[in-house]
Amino acid sequence: KCQTLFFSMLRTMDDFTSHPDIVEEFFFLAGRMMCKCPEPLVLSPLLVGLLQCAAVGMQLQHRDANRGTLNFLENTVSYGVSVVKSAKAGGSSSTGYSDNSCKEALERAIVSDGQPIVNNLAKALLGDLPAYRLDYGNGSIAGVLHRLNDLCPELLLQWINPALTLVPESAKAAFVGTLVQKVSRDEFNSSVRRFVSICERNRKLGGGTSES
């Protein structure tokens with residue numbers, strides 16, 4: 001199976017670095033599956049492994065591999081948002097899967113492996129990891145954060161606050177405020193760009209926890 005080969009080939013960060021093309025193609029494939037027929041993957045033990053691998057793939061200095069992992073993550077969390085709404089309405093998918101079962105499986109996976117992903121998203125905003133796709137298209141840093149804020153806002157705030165401890169306090173407060181207020185995607189994109197700009201300027205000035 002494709003996923004068995006993927007997991008057998010990519011066991012360490014060096015493996016990921018040596019095969020960015022495989023990372024790119026596999027995660028784009030997994031992302032398409034999350035769009036077209038997500039239930040078998042969500043209900044499979046593979047989902048946790050994919051989230052763990054995505055957390056590694058996000059760290060690659062390779063534009064397309066990075067984009068592939070973000071595409072998969074945004075599609076996965078977007079499915080989570082939709083299935084939560086459907087489960088609340090007592091629905092089932094057209095393929096016969098229980099929305100409630102899918103919701104619970106996805107929530108378990110996010111709770112288990114979401115924090116490293118959020119840490120990496122924060123590092124990308126701070127300039128410590130690649131930020132090739134900041135806020136445009138399907139599969140971006142802003143897109144994953146915005147969807148996570150729709151799916152599990154309390155967890156997102158719990159995870160992201162410690163990752164931003166070295167950020168100027170006013171910039172951090174403004175950025176976190178947009179999460180708390182649940183602003184629109186366009187407004188959130190603008191907030192992300194402002195936040196990254198402040199972090200870049202602060203880093204160039206050698207700043208720490210307070211603005212100059």
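For what it's worth, UniProt numbering labels the leading residue of the sequence shown as 1, then goes sequentially. Yeah, the Cβ is synthetic: ideal placement off N, Cα and C, and Gly gets one too. Predicted, not measured: the structure shown is a model, and the values here were computed from it.
As a quick exercise: from the options, pick the residue whose alpha carbon is nearest that of residue i.
i: L134; options: V192, D99, V111; result: V192
i: E154; options: Y136, V176, L166, K172; result: V176
i: D64; options: T17, E107, G90; result: T17
i: residue 227; options: D99, C152, N161, A87; result: Because the chain in this structure spans residues 1 to 212, residue 227 falls outside the shown range and cannot be described.
i: S82; options: A173, P168, V167, L148; result: L148
i: M13; options: Q59, D99, C37; result: Q59
i: A54; options: E39, C35, E74; result: E74
i: P38; options: T178, P162, A105; result: A105
i: H146; options: L179, D21, T69; result: L179
i: A124; options: R67, S98, A174; result: R67
i: L70; options: A142, C102, I198; result: A142
i: L50; options: D21, L166, R11; result: R11
Note down the Cα distance separating residue i from residue j, rounded to an integer number of angstroms.
i: Q115; j: W159; result: 6 angstroms
i: K85; j: N138; result: 21 angstroms
i: V42; j: L157; result: 24 angstroms
i: M9; j: K204; result: 39 angstroms
i: P45; j: R201; result: 43 angstroms
i: T209; j: V196; result: In this prediction, T209 scores a pLDDT of 43, lower than 50, which makes its location untrustworthy; the coordinate-derived value is nonetheless stated afterwards. Taking the straight line from one Cα to the other gives about 15 angstroms.
i: E24; j: A122; result: 21 angstroms
i: L29; j: V118; result: 22 angstroms
i: V48; j: S170; result: 36 angstroms
i: D15; j: G90; result: 43 angstroms
i: G206; j: Q52; result: 33 angstroms
i: P168; j: S140; result: 24 angstroms
i: K172; j: F188; result: 14 angstroms
i: M34; j: Q61; result: 25 angstroms
i: F26; j: F6; result: 8 angstroms
i: N161; j: S190; result: 19 angstroms
i: E107; j: H19; result: 30 angstroms
i: N100; j: K88; result: 8 angstroms
i: R32; j: I110; result: 19 angstroms
i: Y132; j: P40; result: 30 angstroms
i: D150; j: Y97; result: 23 angstroms
i: Y79; j: F72; result: 11 angstroms
i: C199; j: N120; result: 15 angstroms
i: L166; j: C102; result: 37 angstroms
i: K36; j: D21; result: 23 angstroms
i: Y136; j: R194; result: 15 angstroms
If residue i and residue j are in contact, beta carbons under 8 angstroms, what's the gap, nearest whole angstrom?
i: V77; j: V144; result: 6 angstroms
* Is it true that the stretch 179–189 meets the stretch 112–128, where meeting means three or more beta-carbon pairs spaced less than 8 angstroms apart? -> no
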